[in-house]
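Participant:
Residue numbers (my numbering), protein chains in the order written: chain A, 1101 to 1402; chain B, -9 to 402.
Shown next, in the form of structure tokens:
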């Protein structure tokens, strides 16, 4: 009972060289629920937990500086996992470790394992470019390309070898990101002509256009007003029926509102970030095991 | 006001005063710059235009036929005048060059003016003198040069642009030099633009922060400041001497007798100027590439784009206005360079158009330099006119740089 859309997608992603772009070394998940089941599924209770990402003993260094140490974490499929904690404790570094974006920082070094559908993405034979297609990213500040709205969506698919119906893909993607109604009459206008909230939704649409499994969001609402923030949160809940989302946020209400699981990070010894608690969001906000977590989520900082 | 008076000096009026003094200093600097530029322009314009006393071997009026002035005569009538007044030898030489009957009316008119009327400039006055003391000048001319007539004269005119270099100032033009400059700069662009932009992309997008790369970067920055004559020496050693078979065209069969091969060609000059502007282009392009926001690169990598896809689709399109502006400014510098061309061996007196990369050449600055060195006053007027041509060329390039920048300007 494979999801037909996802099945067809793999055939479309053929590089110009003719190589099929999918990770042969990363096993595809076993048949998952179809669309109808997805709609009736209630979060947190039904179905058994599938771990999309499993992090084991993760350490990230910038030069000699240890930014995060020994993180253990499981990210469940089609759930929203929030990472919270004070500034500078390594939340974003942890997030970027999930799609090897840290490697764009020349001095960054990663130790430990990040297991994505059973395969370590830091294994030597894995190409970070392929990892980044399967694990998409949305950034703090909306950063649409200075191209048309259409191109913003289509470009990612194009460079990844998409050879299907591009107009259809753009429309579906924009519908999925709840942006179609607002932009369908101005697809050829610059993505930068949109408002901040629309730009951020365009960035989310751009990320899902390459059909990733996981979307990483690095404080996606911190540059937006409350109304735009609300719409993004709504969109995240919607997308979580289909995608696994990991979000870094400073806003604890946001974490409480949207996420299913919450990871709490703090600065530990020698200014290295540590994950001090990871649990269901409900538990973190009502009955945390750690005193420091309780102090933080209630506003009395540890 | 509740300031702790003990800790804070009450010095606002002093701060204001020093601000005014600095402002005055900056204004004076600006004014000095403007004055100097105005003086330069005044000097050149003053030399390029003015009154001239012109003597004719045969005044144009005397050549009129049946009351029809020379300017309005038909081609046939002009042919008749030419055959009647020019020496038989000259007519034969002209016929063998191109039969008179096949020449256009304008060509014939030029010939009649040059060879029959034969104007001679006997004395010139500057533009300012001509405007302010016209009467005195007319009297002076009437006394000293009774045969001459006073004409307002522009040294820069169509035939000045269209004619090649000549020994007679009235017949000399900048055509050879202008074409030489354009050919040379064309080769400079073809060489320096791809190499420079390629190096900039490598240094900015691919090279890591290693000791070697920092050394390379420092050296490029220093090379941009090396005096141009040193590049001339380099060009002489490498292109003219060491690579002579290539730069003279002998390798490609352009020279019939290999012993006659000569590396002092447009190709050598263009490559030498290319070396000269290469660091400038690299630095400018790096600057432009660095100005492309990192958020765009991150967005691109985050979608699963490779480095080259990111560079090609996002970095280059957004950096191209800056790269083009930098390149055009660098090329403007190349056009004005004289010293390296002297060393590489520009000819100072050639009368034929350059016909390709392997031809001997001269260039505008060389031509200007050569004219200013002549004793006759008329050549200094020619030099001023050639400077105007050079300035117009530079201005055109700078304007195109600005237009390109505005056209491709993007917001992020």
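Glycine included, C-beta positions come from ideal geometry on N, C-alpha and C. Predicted model only: the values in this text are computed from it and were never measured.
Using the Cα positions of residue 194 of chain B and residue 3 of chain B, report the straight-line distance between them to the nearest angstrom.
Facilitator: Looking at the two C-alpha atoms, the distance is approximately 48 Å.
Participant: Buried or exposed for residue 12 of chain B, please, with buried defined as at least 16 other CB atoms from any protein chain shown within 10 angstroms of its CB.
Facilitator: Exposed, because fewer than 16 other Cβ atoms sit within 10 Å of the Cβ of residue 12 of chain B.
Participant: I want to know whether the region 1344 to 1356 of chain A touches the region 1181 to 1201 of chain A - three or more CB-CB distances under 8 Å.
Facilitator: Contact between the region 1344 to 1356 of chain A and the region 1181 to 1201 of chain A is present, because at least three Cβ pairs lie under 8 Å.
Participant: Name the residues in the region 280 to 297 of chain B whose C-beta lies less than 7 Å from a C-beta of chain A; which are they?
Facilitator: Cβ contacts with chain A: 285, 286, 288, 289, 291, 292, 293, 294, 295 and 296.
Participant: Evaluate residue 1250 of chain A with the Cβ neighbour count: other Cβ atoms within 10 Å of its Cβ, from every protein chain shown; 16 or more gives buried, anything less gives exposed.
Facilitator: Counting Cβ neighbours within 10 Å, residue 1250 of chain A comes out buried, since at least 16 surround it.
Participant: Using a Cβ-Cβ cut-off of less than 8 Å, list which residues of the region 192 to 203 of chain B approach chain A; keep chain order.
Facilitator: Going along the region 192 to 203 of chain B in chain order, one finds 198 and 199 with a Cβ nearer than 8 Å to chain A.
Participant: Is the separation between the beta-carbon of residue 254 of chain B and that of residue 335 of chain B shorter than 7 Å?
Facilitator: Cβ distance < 7 Å, so residue 254 of chain B and residue 335 of chain B count as in contact.
Participant: Compare the Cα-Cα distances from residue 228 of chain B to each of B/333, B/41, B/374 and B/381 and report the closest residue.
Facilitator: Residue 228 of chain B has its Cα closest to that of B/333, out of B/333, B/41, B/374 and B/381.
Participant: Please identify, using Cβ separations under 7 Å, the residues of the region 298 to 329 of chain B that lie next to chain A, in order along the chain.
Facilitator: Cβ contacts with chain A: 299, 303, 304 and 308.
Participant: Opposite residue 1156 of chain A in the DSSP bridges: which residues?
Facilitator: The partner list for residue 1156 of chain A (beta bridge, DSSP) reads A/1213.
Participant: Using a Cβ-Cβ cutoff of less than 7 Å, which residues in the same chain neighbour residue 1310 of chain A once the five nearest sequence positions on both sides are dropped?
Facilitator: Closer than 7 Å at Cβ, skipping near neighbours: 1233, 1236, 1256, 1257 and 1260.
Participant: I believe residue 72 of chain B touches residue 53 of chain B by the beta-carbon criterion, under 8 Å. Please report the beta-carbon distance rounded to the nearest angstrom.
Facilitator: Their Cβ separation, rounded to whole angstroms, is 10 Å, which puts residue 72 of chain B and residue 53 of chain B out of contact at 8 Å.
Participant: In chain B, which residues lie less than 9 Å from residue 1206 of chain A when you measure between Cβ atoms?
Facilitator: Near residue 1206 of chain A (Cβ distances below 9 Å), the residues of chain B are 198 and 199.
Participant: What's the gap between the Cα of residue 382 of chain B and the Cα of residue 196 of chain B?
Facilitator: Roughly 40 Å separates the two Cα atoms.
Participant: Under the three-state reduction of DSSP, which class applies to residue 1144 of chain A: helix, strand or coil?
Facilitator: Because residue 1144 of chain A sits at a pLDDT of 40, beneath the cut-off of 50, its placement in the model cannot be relied upon, and the following sentence gives the value as read from the coordinates. It is coil, neither helix nor strand.
Participant: Can you tell me whether residue 32 of chain B is buried or exposed, with buried defined as 16 or more other CB within 10 angstroms of its CB?
Facilitator: With fewer than 16 Cβ atoms within 10 Å of its Cβ, residue 32 of chain B is classed as exposed.
Participant: Spell out a yes or no on whether the region 91 to 100 of chain B and the region 54 to 72 of chain B are touching, meaning 3 or more CB-CB pairs, one atom from each, closer than 8 Å.
Facilitator: Counting Cβ pairs under 8 Å, three or more are found: they touch.
Participant: Please classify residue 166 of chain B as buried or exposed, where buried requires at least 16 neighbouring CB atoms within 10 angstroms.
Facilitator: By the neighbour-count rule (16 or more Cβ atoms within 10 Å), residue 166 of chain B is buried.
Participant: Let me know the secondary structure DSSP gives residue 1373 of chain A once reduced to three states.
Facilitator: Residue 1373 of chain A falls in the strand class under three-state DSSP.
Participant: Nearest CA to the CA of residue 1285 of chain A: which residue from A/1248, A/1161, A/1254 and A/1330?
Facilitator: The candidate whose alpha carbon is nearest that of residue 1285 of chain A is A/1248.
Participant: With distances taken Cα to Cα, identify the nearest neighbour of residue 322 of chain B among B/329, B/384 and B/338.
Facilitator: The option with the nearest alpha carbon to residue 322 of chain B is B/384.
Participant: Where does residue 1396 of chain A sit, in a helix, a strand or coil, going by DSSP?
Facilitator: The answer is helix: DSSP assigns residue 1396 of chain A an H, G or I state.
Participant: If you measure from the beta carbon of residue 1396 of chain A to each beta carbon in chain B, is any gap under 7 Å?
Facilitator: Chain B contact via Cβ: absent.
Participant: Mind checking who residue 1174 of chain A pairs with in its DSSP beta bridge?
Facilitator: According to DSSP, residue 1174 of chain A bridges with A/1154.
Participant: Quick check on DSSP: helix, strand or coil for residue 1285 of chain A?
Facilitator: Correct three-state label for residue 1285 of chain A: coil.
Participant: From what residue to what residue does the alpha helix (DSSP H) around residue 369 of chain B run?
Facilitator: Segment 367 to 398, the alpha helix (DSSP H) holding residue 369 of chain B.
Participant: Residue ranges of each alpha helix (DSSP H) run of no fewer than 4 residues wholly in the region 204 to 268 of chain B, ordered along the chain?
Facilitator: Correct list: 218 to 225 and 234 to 237.
Participant: By how many angstroms is the C-alpha of residue 206 of chain B removed from the C-alpha of residue 351 of chain B?
Facilitator: Using only the alpha carbons, I get a separation of about 34 Å.
Participant: Mind checking residue 257 of chain B: buried by the 16 CB within 10 Å criterion, or exposed?
Facilitator: Buried: at least 16 other Cβ atoms inside 10 Å.
Participant: At a Cβ threshold of 7 Å, is residue 1243 of chain A touching chain B?
Facilitator: Yes, residue 1243 of chain A lies at the interface with chain B (some Cβ there is under 7 Å from its Cβ).
Participant: By the criterion of Cβ-Cβ separation under 8 Å, what are the contact partners of residue 1239 of chain A in chain B?
Facilitator: Per Cβ cutoff of 8 Å: 285, 288, 289 and 292.
Participant: Select from the region 1248 to 1281 of chain A all residues with a C-beta closer than 7 Å to any C-beta belonging to chain B, and list them in chain order.
Facilitator: Hits within the stretch, in order: 1255, 1256, 1259 and 1260.
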